[in-house]
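Mapped onto my numbering, the consecutive letters of the sequence shown carry residue numbers 8 to 300.
Glycine residues also receive a C-beta, built at the ideal position from the N, C-alpha and C atoms.
This structure is a prediction, so every number in the text was calculated from the model and none was measured.
In what follows, a structure is listed as C-alpha coordinates, so that the remarks can point back to it.
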Amino acid sequence: MLTSVRGAFAATLVSGIALSAAPALANENVSEGEFDLATLEAAADVEIDVSEIAPAQEPLAENTVSKVGGDSGITLSGNVALVTEYRFRGVDLSGGEIAIQGGVDLAHDSGFYAGTWASSLDEDTVGYGSTEVDVYAGFGGSLAEGVSFDIGGIVYMYPDAKPFLADDPNDFDYYEFYGSVGFGFGPAEATVGVAYAPDQDSLGDSDNFYIYTDLAAGIPDTPISLTAHLGYTDGFLTFTDDGKAFDWSIGLDVAVGGPVSIGVSYVGAEGDIPAGAYDYTDDAVVFTLSASI
8 MLTSVRGAFA ATLVSGIALS AAPALANENV SEGEFDLATL EAAADVEIDV SEIAPAQEPL
68 AENTVSKVGG DSGITLSGNV ALVTEYRFRG VDLSGGEIAI QGGVDLAHDS GFYAGTWASS
128 LDEDTVGYGS TEVDVYAGFG GSLAEGVSFD IGGIVYMYPD AKPFLADDPN DFDYYEFYGS
188 VGFGFGPAEA TVGVAYAPDQ DSLGDSDNFY IYTDLAAGIP DTPISLTAHL GYTDGFLTFT
248 DDGKAFDWSI GLDVAVGGPV SIGVSYVGAE GDIPAGAYDY TDDAVVFTLS ASI
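This is how it looks when you write it as C-alpha coordinates:
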(Lines of atoms letter the chains of each structure in order from A and count residues from 1; the text may use other names and numbers.)
(Lines give C-alpha, C1' and ligand atoms only; values in the text may rest on other atoms or scores of the structure.)
Protein backbone atom coordinates (compact mmCIF):
# COMPACT_ATOMS: atom_id res chain seq x y z
CA MET A 1 0.00 0.00 0.00
CA LEU A 2 2.86 2.26 0.82
CA THR A 3 4.93 1.69 -1.28
CA SER A 4 9.75 7.75 -7.28
CA VAL A 5 10.31 13.33 -15.26
CA ARG A 6 13.61 14.38 -15.94
CA GLY A 7 14.25 17.05 -18.56
CA ALA A 8 17.50 18.00 -20.18
CA PHE A 9 18.34 20.74 -22.60
CA ALA A 10 21.35 21.20 -24.89
CA ALA A 11 22.91 24.48 -26.01
CA THR A 12 25.29 25.21 -28.90
CA LEU A 13 27.67 28.13 -28.87
CA VAL A 14 29.45 29.40 -32.02
CA SER A 15 32.66 31.40 -31.59
CA GLY A 16 33.72 34.18 -33.97
CA ILE A 17 37.15 35.53 -34.79
CA ALA A 18 37.81 39.23 -35.32
CA LEU A 19 40.97 40.27 -37.10
CA SER A 20 42.44 43.75 -37.59
CA ALA A 21 45.67 45.24 -38.99
CA ALA A 22 46.82 48.86 -39.21
CA PRO A 23 50.00 49.33 -41.30
CA ALA A 24 51.21 52.88 -41.69
CA LEU A 25 49.76 54.56 -44.80
CA ALA A 26 51.45 57.91 -44.55
CA ASN A 27 54.95 58.82 -45.75
CA GLU A 28 56.70 61.73 -44.17
CA ASN A 29 58.21 62.69 -47.59
CA VAL A 30 54.82 62.81 -49.31
CA SER A 31 52.99 66.03 -49.38
CA GLU A 32 49.54 66.35 -47.82
CA GLY A 33 46.81 64.84 -49.98
CA GLU A 34 49.15 62.50 -51.92
CA PHE A 35 49.49 58.74 -51.50
CA ASP A 36 52.66 56.68 -51.72
CA LEU A 37 51.65 53.81 -54.01
CA ALA A 38 54.74 51.81 -53.11
CA THR A 39 53.81 51.92 -49.43
CA LEU A 40 50.26 50.77 -50.18
CA GLU A 41 51.49 47.87 -52.29
CA ALA A 42 53.87 46.81 -49.52
CA ALA A 43 51.06 46.87 -46.98
CA ALA A 44 48.88 44.76 -49.23
CA ASP A 45 51.56 42.10 -49.40
CA VAL A 46 51.63 41.62 -45.60
CA GLU A 47 50.62 38.04 -44.67
CA ILE A 48 48.84 37.31 -41.40
CA ASP A 49 48.92 33.80 -39.85
CA VAL A 50 45.42 33.44 -38.39
CA SER A 51 46.38 30.16 -36.75
CA GLU A 52 48.24 32.19 -34.12
CA ILE A 53 45.08 34.06 -33.12
CA ALA A 54 43.05 32.46 -30.33
CA PRO A 55 39.26 32.28 -30.67
CA ALA A 56 37.36 35.00 -28.88
CA GLN A 57 35.63 32.36 -26.70
CA GLU A 58 36.10 28.63 -26.26
CA PRO A 59 33.04 26.39 -26.86
CA LEU A 60 31.31 25.28 -23.66
CA ALA A 61 32.26 21.86 -22.39
CA GLU A 62 29.61 19.17 -22.80
CA ASN A 63 28.87 18.90 -19.10
CA THR A 64 28.57 22.66 -18.81
CA VAL A 65 25.99 22.73 -21.60
CA SER A 66 23.72 20.29 -19.73
CA LYS A 67 23.98 22.41 -16.59
CA VAL A 68 23.01 25.49 -18.52
CA GLY A 69 19.91 23.67 -19.80
CA GLY A 70 18.94 22.70 -16.26
CA ASP A 71 17.37 19.56 -14.79
CA SER A 72 14.00 19.48 -13.05
CA GLY A 73 15.13 16.70 -10.70
CA ILE A 74 11.64 15.20 -10.81
CA THR A 75 10.88 11.53 -11.43
CA LEU A 76 7.45 10.19 -12.37
CA SER A 77 6.78 6.48 -11.87
CA GLY A 78 3.82 4.16 -11.83
CA ASN A 79 2.82 0.67 -10.79
CA VAL A 80 -0.01 -1.75 -11.44
CA ALA A 81 -0.85 -5.10 -9.87
CA LEU A 82 -3.33 -7.95 -9.93
CA VAL A 83 -3.67 -9.80 -6.61
CA THR A 84 -5.76 -12.81 -5.71
CA GLU A 85 -6.70 -11.07 -2.44
CA TYR A 86 -6.14 -7.56 -1.08
CA ARG A 87 -4.66 -7.83 2.40
CA PHE A 88 -3.98 -4.70 4.46
CA ARG A 89 -1.97 -5.47 7.57
CA GLY A 90 -3.16 -9.03 7.36
CA VAL A 91 -6.87 -8.14 7.06
CA ASP A 92 -8.80 -9.15 3.94
CA LEU A 93 -10.41 -6.11 2.28
CA SER A 94 -11.48 -7.73 -0.99
CA GLY A 95 -13.70 -10.46 0.41
CA GLY A 96 -11.38 -13.19 -0.83
CA GLU A 97 -11.77 -11.93 -4.40
CA ILE A 98 -9.23 -10.74 -6.97
CA ALA A 99 -8.29 -7.07 -6.67
CA ILE A 100 -6.87 -4.66 -9.23
CA GLN A 101 -4.41 -2.11 -7.88
CA GLY A 102 -2.25 0.70 -9.19
CA GLY A 103 -0.55 3.94 -8.31
CA VAL A 104 1.45 6.94 -9.50
CA ASP A 105 4.37 8.55 -7.67
CA LEU A 106 6.12 11.88 -8.17
CA ALA A 107 9.53 12.25 -6.50
CA HIS A 108 12.14 15.02 -6.37
CA ASP A 109 15.89 14.58 -6.00
CA SER A 110 15.69 16.54 -2.74
CA GLY A 111 13.79 13.64 -1.15
CA PHE A 112 10.25 15.01 -1.24
CA TYR A 113 7.58 12.85 -2.87
CA ALA A 114 3.83 12.57 -3.35
CA GLY A 115 1.60 9.95 -4.85
CA THR A 116 -1.69 8.18 -5.03
CA TRP A 117 -2.67 4.52 -4.95
CA ALA A 118 -5.98 2.70 -5.44
CA SER A 119 -7.43 -0.77 -5.11
CA SER A 120 -10.72 -2.46 -5.80
CA LEU A 121 -12.65 -3.79 -2.78
CA ASP A 122 -15.56 -6.14 -2.21
CA GLU A 123 -18.40 -3.89 -1.06
CA ASP A 124 -20.69 -6.76 -0.07
CA THR A 125 -18.44 -8.23 2.62
CA VAL A 126 -16.11 -5.42 3.72
CA GLY A 127 -18.53 -2.49 3.91
CA TYR A 128 -16.05 0.12 2.65
CA GLY A 129 -17.57 0.38 -0.81
CA SER A 130 -15.95 -0.90 -3.98
CA THR A 131 -12.86 1.32 -4.11
CA GLU A 132 -10.07 2.53 -1.88
CA VAL A 133 -8.04 5.59 -2.90
CA ASP A 134 -4.98 6.69 -0.95
CA VAL A 135 -3.14 10.01 -1.26
CA TYR A 136 0.20 10.48 0.46
CA ALA A 137 3.25 12.74 0.66
CA GLY A 138 6.51 12.61 2.54
CA PHE A 139 10.25 13.02 2.66
CA GLY A 140 12.96 10.39 2.56
CA GLY A 141 16.70 10.11 2.23
CA SER A 142 19.91 8.68 3.58
CA LEU A 143 21.08 8.99 7.18
CA ALA A 144 24.37 7.18 6.64
CA GLU A 145 25.83 4.55 4.35
CA GLY A 146 23.31 1.73 4.24
CA VAL A 147 20.80 3.59 6.42
CA SER A 148 17.71 5.35 5.03
CA PHE A 149 14.62 7.03 6.46
CA ASP A 150 11.09 7.92 5.36
CA ILE A 151 8.46 10.13 7.02
CA GLY A 152 5.09 11.29 5.75
CA GLY A 153 1.34 11.28 5.95
CA ILE A 154 -1.42 9.42 4.14
CA VAL A 155 -5.19 9.75 3.73
CA TYR A 156 -7.24 6.58 3.16
CA MET A 157 -10.44 7.34 1.24
CA TYR A 158 -13.46 5.18 0.38
CA PRO A 159 -15.47 7.35 -2.03
CA ASP A 160 -18.49 5.09 -2.51
CA ALA A 161 -18.81 3.62 0.99
CA LYS A 162 -22.44 3.48 2.15
CA PRO A 163 -23.48 4.53 5.70
CA PHE A 164 -24.74 1.85 8.04
CA LEU A 165 -27.94 3.84 8.69
CA ALA A 166 -29.89 6.14 6.38
CA ASP A 167 -29.32 9.17 8.64
CA ASP A 168 -25.73 8.29 9.56
CA PRO A 169 -23.05 9.91 7.34
CA ASN A 170 -20.49 7.48 8.80
CA ASP A 171 -17.41 8.88 7.07
CA PHE A 172 -14.99 6.00 6.51
CA ASP A 173 -12.04 8.16 5.44
CA TYR A 174 -9.16 8.60 7.87
CA TYR A 175 -5.60 9.92 7.92
CA GLU A 176 -2.38 8.56 9.36
CA PHE A 177 1.24 9.65 9.92
CA TYR A 178 4.11 7.24 9.32
CA GLY A 179 7.86 6.92 9.65
CA SER A 180 10.45 4.23 9.04
CA VAL A 181 14.18 3.50 9.06
CA GLY A 182 15.78 1.07 6.62
CA PHE A 183 19.07 -0.81 6.86
CA GLY A 184 20.91 -2.38 3.93
CA PHE A 185 23.25 -5.35 4.28
CA GLY A 186 24.50 -6.37 0.85
CA PRO A 187 21.59 -8.15 -0.89
CA ALA A 188 19.45 -7.95 2.27
CA GLU A 189 17.55 -5.10 3.85
CA ALA A 190 15.47 -4.56 6.96
CA THR A 191 12.88 -1.88 7.69
CA VAL A 192 11.40 -0.87 11.03
CA GLY A 193 8.42 1.46 10.91
CA VAL A 194 5.52 2.97 12.82
CA ALA A 195 2.19 4.50 11.81
CA TYR A 196 -0.19 6.51 13.95
CA ALA A 197 -3.77 7.59 13.24
CA PRO A 198 -5.07 10.18 15.78
CA ASP A 199 -8.61 10.17 17.18
CA GLN A 200 -11.13 10.47 14.34
CA ASP A 201 -14.86 9.93 13.87
CA SER A 202 -14.16 7.26 11.27
CA LEU A 203 -12.09 5.35 13.84
CA GLY A 204 -14.87 5.31 16.39
CA ASP A 205 -13.47 8.39 18.15
CA SER A 206 -10.33 6.46 18.99
CA ASP A 207 -6.79 6.27 17.64
CA ASN A 208 -4.72 3.51 16.08
CA PHE A 209 -1.03 2.66 16.51
CA TYR A 210 0.88 0.28 14.24
CA ILE A 211 4.48 -0.94 14.38
CA TYR A 212 6.10 -3.33 11.94
CA THR A 213 9.30 -4.93 10.64
CA ASP A 214 9.90 -5.90 7.01
CA LEU A 215 12.75 -8.13 5.84
CA ALA A 216 13.87 -8.78 2.26
CA ALA A 217 16.84 -10.61 0.78
CA GLY A 218 17.79 -11.32 -2.80
CA ILE A 219 19.26 -14.71 -3.63
CA PRO A 220 22.59 -14.02 -5.43
CA ASP A 221 22.68 -14.76 -9.17
CA THR A 222 18.93 -15.37 -9.28
CA PRO A 223 15.86 -13.17 -9.90
CA ILE A 224 14.35 -14.38 -6.60
CA SER A 225 13.88 -12.34 -3.43
CA LEU A 226 12.59 -13.64 -0.11
CA THR A 227 10.34 -11.45 2.06
CA ALA A 228 8.97 -11.51 5.60
CA HIS A 229 6.75 -9.18 7.62
CA LEU A 230 5.59 -8.88 11.21
CA GLY A 231 3.26 -6.15 12.44
CA TYR A 232 1.37 -5.22 15.59
CA THR A 233 -1.78 -3.08 15.83
CA ASP A 234 -3.11 -1.40 18.96
CA GLY A 235 -6.35 0.45 18.31
CA PHE A 236 -9.50 0.55 16.25
CA LEU A 237 -8.25 -1.20 13.10
CA THR A 238 -8.36 -4.78 14.33
CA PHE A 239 -10.85 -7.63 14.46
CA THR A 240 -10.02 -8.59 18.05
CA ASP A 241 -12.07 -7.94 21.16
CA ASP A 242 -9.26 -6.10 22.94
CA GLY A 243 -8.15 -4.03 19.93
CA LYS A 244 -4.70 -5.61 19.79
CA ALA A 245 -3.49 -7.91 17.04
CA PHE A 246 -0.41 -9.26 15.30
CA ASP A 247 -0.23 -9.76 11.53
CA TRP A 248 2.39 -11.58 9.50
CA SER A 249 3.45 -12.72 6.06
CA ILE A 250 6.25 -14.65 4.40
CA GLY A 251 6.81 -14.98 0.68
CA LEU A 252 8.99 -14.64 -2.38
CA ASP A 253 9.11 -12.43 -5.46
CA VAL A 254 10.49 -13.33 -8.87
CA ALA A 255 11.54 -10.79 -11.52
CA VAL A 256 10.36 -12.40 -14.74
CA GLY A 257 11.70 -9.80 -17.16
CA GLY A 258 11.71 -6.05 -17.59
CA PRO A 259 9.43 -4.32 -15.09
CA VAL A 260 7.25 -7.40 -14.49
CA SER A 261 7.41 -9.58 -11.39
CA ILE A 262 5.33 -12.29 -9.79
CA GLY A 263 5.03 -13.10 -6.11
CA VAL A 264 3.42 -15.43 -3.63
CA SER A 265 2.99 -14.95 0.11
CA TYR A 266 1.36 -16.59 3.08
CA VAL A 267 -0.59 -13.94 5.01
CA GLY A 268 -2.56 -13.89 8.24
CA ALA A 269 -3.64 -11.85 11.27
CA GLU A 270 -5.12 -12.38 14.71
CA GLY A 271 -8.88 -11.99 14.96
CA ASP A 272 -11.89 -12.84 17.11
CA ILE A 273 -14.48 -13.60 14.46
CA PRO A 274 -17.96 -14.82 15.48
CA ALA A 275 -18.88 -18.29 14.27
CA GLY A 276 -20.56 -18.21 10.88
CA ALA A 277 -19.34 -14.70 10.03
CA TYR A 278 -16.91 -13.93 7.24
CA ASP A 279 -13.35 -14.36 8.53
CA TYR A 280 -11.39 -11.28 7.45
CA THR A 281 -8.25 -12.51 9.21
CA ASP A 282 -8.12 -16.13 8.10
CA ASP A 283 -4.70 -17.22 6.81
CA ALA A 284 -4.42 -17.18 3.03
CA VAL A 285 -1.97 -17.68 0.18
CA VAL A 286 -1.89 -14.57 -2.00
CA PHE A 287 -0.49 -14.45 -5.53
CA THR A 288 0.61 -11.18 -7.16
CA LEU A 289 1.38 -10.13 -10.73
CA SER A 290 2.85 -6.63 -10.85
CA ALA A 291 4.68 -4.21 -13.11
CA SER A 292 6.47 -0.92 -12.49
CA ILE A 293 7.04 1.81 -15.06
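In chain order, K251 and A252 place their CB closer than 7 Å to the CB of T245, counting only its own chain and leaving out the 5 sequence neighbours on each side. One thing to note: Y165 has its Cβ within 8 Å of the Cβ of E139.
Using a Cβ-Cβ distance cut-off of 8 Å, the segment 223-238 and the segment 261-276 are in contact, since at least three pairs of beta carbons, one from each stretch, lie closer than that value.
Among the bridge pairs identified by DSSP, I257 is matched with A235 and Y273. DSSP places D112 inside the beta strand (DSSP E), whose first and last residues are A106 to H115. For I300, the closest alpha carbon among the candidates I105, D206, E92 and D112 is that of D112.
According to DSSP, R94 shares a beta bridge with D99.
Annotated as distal: F216 and D248, with beta-carbon spacing of 8 Å or more.
Taking C-beta separations shorter than 6 Å and ignoring five residues to either side along the sequence, the partners of R96 in its chain run G238 and D254, following chain order. Distance check between V98 and each of L128, N86, A223 and V162 places L128 closest, using alpha-carbon atoms only.
One thing to note: T132 has its Cβ no nearer than 8 Å to the Cβ of V293. Rounded to the nearest angstrom, the gap between the Cα atoms of S187 and V199 is 6 Å. Annotated three-state conformation of S268 is strand, per DSSP. In this structure, DSSP gives L210 a helical state, which the three-state scheme calls helix. With contacts defined by Cβ atoms closer than 8 Å, T220 and A204 do not form a contacting pair. When DSSP states are grouped into helix, strand and coil, Y120 belongs to the strand group. Cα atoms of L150 and D290: separation of roughly 37 Å, rounded to the nearest angstrom. In chain order, N86, V87, A88, L89, V267, S268, I269 and G270 place their CB closer than 8 Å to the CB of S297, counting only its own chain and leaving out the 5 sequence neighbours on each side. Beta-bridge analysis with DSSP links I158 to F146 and G186.
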